[in-house]
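**Q** Residue 486 in this note's numbering sits at position 480 of the sequence shown; the count goes up by one each step and never skips.
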Amino acid sequence: GLNPSLYGHFGQGCIHCRIAFDLYTAEGLRQYQSFMNDATDLVVRYGGSISGEHGDGQARAEFLGKMFGPELVQAFGEFKGIWDPDGKMNPGKVVDPYPIVSNLRIGPDYNPPQPETYFRYPHDRHSFARAALRCVSVGLCRREGGGTMCPSYMVTRAEEHSTRGRAHLLFEMLNGEVISDGWRSESVKGALDLCLACKGCKHDCPVGVDMATYKAEFLSHYYAGRLRPRSAYAFGWIPIWARLASVAPAAANLFTQAPLLRDASKWIAGVAPERKVPAFAPESFTSWWRRRPRKRGGRPVLLWPDTFNNYFHPETARAAVDVLEDAGFRVVVPSQHLCCGRPLYDYGFLGMAKRWLLDIMDTLQPAIQAGVPIVVLEPSCAAVFRDELIELFPTVQDAHRLHDQTQLLSEFLTHHAPEYQLPRLERHALVHGHCHHKSVMGMDDEENVLQGMAADYEIPATGCCGMAGSFGFEAGERYRVGAAAGERELLPAVRQASDDTVIIANGFSCREQIRQGSGRRAMHLAEVLQLARHESASGPARGRPERPLIRERRRAQFRSGLRAAGIAAGAVALGTFASRFLED
7 GLNPSLYGHF GQGCIHCRIA FDLYTAEGLR QYQSFMNDAT DLVVRYGGSI
57 SGEHGDGQAR AEFLGKMFGP ELVQAFGEFK GIWDPDGKMN PGKVVDPYPI
107 VSNLRIGPDY NPPQPETYFR YPHDRHSFAR AALRCVSVGL CRREGGGTMC
157 PSYMVTRAEE HSTRGRAHLL FEMLNGEVIS DGWRSESVKG ALDLCLACKG
207 CKHDCPVGVD MATYKAEFLS HYYAGRLRPR SAYAFGWIPI WARLASVAPA
257 AANLFTQAPL LRDASKWIAG VAPERKVPAF APESFTSWWR RRPRKRGGRP
307 VLLWPDTFNN YFHPETARAA VDVLEDAGFR VVVPSQHLCC GRPLYDYGFL
357 GMAKRWLLDI MDTLQPAIQA GVPIVVLEPS CAAVFRDELI ELFPTVQDAH
407 RLHDQTQLLS EFLTHHAPEY QLPRLERHAL VHGHCHHKSV MGMDDEENVL
457 QGMAADYEIP ATGCCGMAGS FGFEAGERYR VGAAAGEREL LPAVRQASDD
507 TVIIANGFSC REQIRQGSGR RAMHLAEVLQ LARHESASGP ARGRPERPLI
557 RERRRAQFRS GLRAAGIAAG AVALGTFASR FLED
């Protein structure tokens, strides 16, 4: 009647058997004690060890007499008595042990508060308190290399910055004994502050602790009814600012790129002085799309114009249109302004995030209910539809449909266009997977596409790039942790790559970390597919990848710069005239 989770070092025959005993009721505790008594009898009968590869502790000490015998256990007691006659050192663990049902952090009397939350926690009985109990202290989040979890711990080596440490603090916060100020706890806020919300723990942790979600939930309550830091509005509301900047991108870039003005802008927004603020594109993808002739015929596919590839790197979205149409599909782009709200989660703007998702489901309802596939280029935005959406709206059918129909470009080409003849990539490629891509969607389909392109590629174990959305842009400790995370694996690997190696990174923040940390330009898979198509027709170019779209962007940036210079000159002239007028 028990269903264990099995994990461990299977190659060595070491299997961890995690049984979810009912420790909340008296009957459940009796079952737990009875099972452990029978299990230890069985292990000892076959000459095994009830301790396994771990210590005895309180969970096994009650049964040590079965394994060692009364004579040795008595010797343990006498030896301990010599060195610790008052029994003050680790009492009740090996000598005179407590019963295994004593001192449990949960039990029949465990009754934590059940606060109203934004996320519904469908896998934790719709309870944040249950979610805070997920961590079972395996400690895999404390590893120093391999996987994504936990980038902040890999840098700081502090328990409070591990997934385990943060989960235990949340448990104590709800328990109310050690941490008594609840959602307003500064100690919990401090521990969560360096969480990169990479979702690595949701994938790498054996029990799926989802610290990115817990952090967003905590911040939504911590800041309820009070102002957030200015960086929260600068970065969390970037979809709003980017849309406003698209009206006059040259003027916006004047403030973020020109000397002195850019320094003031970075201070206002809370950007680290060492960082460069990405420039807005001269023309957004959606503006380009509105004036572009439409392809007729073919199965429809909706291309999602996310904030980053719409306002900063529209060449990526244009490349995706090129690839999808070459594969025989009819691309559809929403005519209304929509945003998944990805940056909102990092600062706890969950009420706003829910409203934006409701607007998306309402606006796209015909396409959603018609089963039209939706291609999302930015992995973090795809993760919103594949993860947060269901956590926020577990009972809404359109949410489940949108979840199922959302795919990255590689997933779409693998599952919806298996007959598409992928172009050959006659270059070596270094591939970095975005954390949300690896944790929520997985990299299998990305590799399928690269293999279909006959690409010579490598995927180094780079973990998290360290930029993590806006995390690595922020001044102070976040910048230092983000930069150190990038220097662990990713940036050295990029610097060692040859000049004609294609650097592939689908995430906007990952590409920025690579550009600002190494001087190399990383490309989205859509751009790589477009590059391969062009090179298949004209032969591979030598040196670093250079494409017509890049040259077009540079020309547009030059024209934008001229306009910005004109605006600046006009502003100076107007200021000079005004000062003279006032003097007169």
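The beta carbon of each residue, even a glycine, is placed where N, CA and C say it ideally should be.
With distances taken Cα to Cα, identify the nearest neighbour of V79 among P103, N9 and I520.
**A** If we check each option's Cα against that of V79, P103 comes out closest.
**Q** What's the gap between the Cα of Q413 and the Cα of V534?
**A** Answer to the nearest angstrom: the Cα atoms are 18 Å apart.
**Q** Mind checking A359: buried by the 16 CB within 10 Å criterion, or exposed?
**A** Result: buried.
**Q** Whole angstroms is fine: what's the gap from A460's alpha carbon to L431's?
**A** Near 6 Å, if we compare the C-alpha coordinates of L431 and A460.
**Q** Can S11 and R24 be called in contact, C-beta distance under 7 Å?
**A** Yes, they are a contact pair.
**Q** Measure the alpha-carbon distance for G152 versus G469 and round it to whole angstroms.
**A** Their backbone Cα atoms lie some 7 Å apart in a straight line.
**Q** Alpha carbon to alpha carbon, how far is C371 from D404?
**A** According to the sequence provided, residue 371 is Gln. The question's Cys does not apply to it. C-alpha separation (whole angstroms): 7 Å.
**Q** Going by DSSP, name the residue or residues bridged to Q413.
**A** For Q413, which the question treats as bridged, DSSP gives the partners V381.
**Q** Using a Cβ-Cβ cutoff of less than 7 Å, which residues in the same chain neighbour G458 once the five nearest sequence positions on both sides are dropped?
**A** Answer for G458: L428, listed in chain order.
**Q** Below 7 Å between beta carbons: does that hold for I244 and P349?
**A** A contact, by the Cβ cut-off of 7 Å.
**Q** Which residue comes first and which comes last in the alpha helix (DSSP H) that contains Y317?
**A** Looking at the DSSP string, the run of the alpha helix (DSSP H) that includes Y317 is T313 to Y317.
**Q** Mind checking G19: buried by the 16 CB within 10 Å criterion, or exposed?
**A** That one is exposed.
**Q** Using the Cβ count rule (16 or more neighbours within 10 Å means buried), how would you classify M473?
**A** Label assigned to M473: buried.
**Q** For S416 and R539, what's the separation of their Cα atoms in angstroms?
**A** When rounded, the distance between both Cα atoms is 16 Å.
**Q** Rounded to a whole number of angstroms, what is the C-alpha to C-alpha distance between A491 and C471?
**A** Their backbone Cα atoms lie some 6 Å apart in a straight line.
**Q** Is A230 buried or exposed, if buried means 16 or more other CB atoms sit within 10 Å of its CB?
**A** When all chains shown are included, A230 counts as exposed.
**Q** Who pairs with V337 in a beta bridge, going by DSSP?
**A** DSSP lists V307 as partners of V337.
**Q** Where do the N-terminal and C-terminal ends of the beta strand (DSSP E) with L12 fall, by residue?
**A** Start and end: S11 to H15.
**Q** Tell me which residues share the same chain as P320 and place their Cβ nearer than 8 Å to its Cβ, disregarding the 5 neighbours each side in the sequence.
**A** A287, E289, S290, F291 and W294.
**Q** Specify, as a first and last residue, the run of the alpha helix (DSSP H) that D210 falls within.
**A** G206 to D210 is the extent of the alpha helix (DSSP H) around D210.
**Q** Could you name the residues of the same chain whose beta carbon sits closer than 7 Å to that of C156, not counting the 5 residues immediately before and after it, in chain order?
**A** For C156, where only same-chain residues beyond five positions count, the Cβ hits under 7 Å are C147, S168, T169, G206 and C207.
**Q** With distances taken between CB atoms, is the gap from V381 to V307 smaller than 7 Å?
**A** In contact: V381 and V307 (Cβ atoms closer than 7 Å).
**Q** Less than 7 Å between the beta carbons of R517 and A528, yes or no?
**A** Yes, the pair counts as a contact, with Cβ atoms nearer than the cut-off.
**Q** Any idea what DSSP makes of H440, helix, strand or coil?
**A** In the structure shown, H440 sits in coil (DSSP, three-state: anything other than H, G, I, E or B).
**Q** Work out the CA separation of T219 and Q502 for me, nearest whole Å.
**A** Each residue's alpha carbon lies about 35 Å from the other.
**Q** Under a three-way DSSP split, which group does M473 fall into?
**A** Reduced to three states, the DSSP call for M473 is coil.
**Q** Please classify A26: is it buried, with 16 or more other beta-carbons within 10 angstroms of its beta-carbon, or exposed?
**A** Exposed, because fewer than 16 other Cβ atoms sit within 10 Å of the Cβ of A26.
**Q** On a Cα-Cα basis, can you pick out the residue from E452, Y463 and D210 that is closest to N512?
**A** Nearest option by C-alpha distance: E452.
**Q** Whole-angstrom Cβ separation of R190 and Y353, contact assumed at under 8 Å?
**A** The pair is not a contact, with the Cβ atoms about 16 Å apart (cut-off 8 Å).
**Q** L266 to Y485, Cα distance in whole Å?
**A** If you take the alpha carbons of L266 and Y485, they lie about 21 Å apart.
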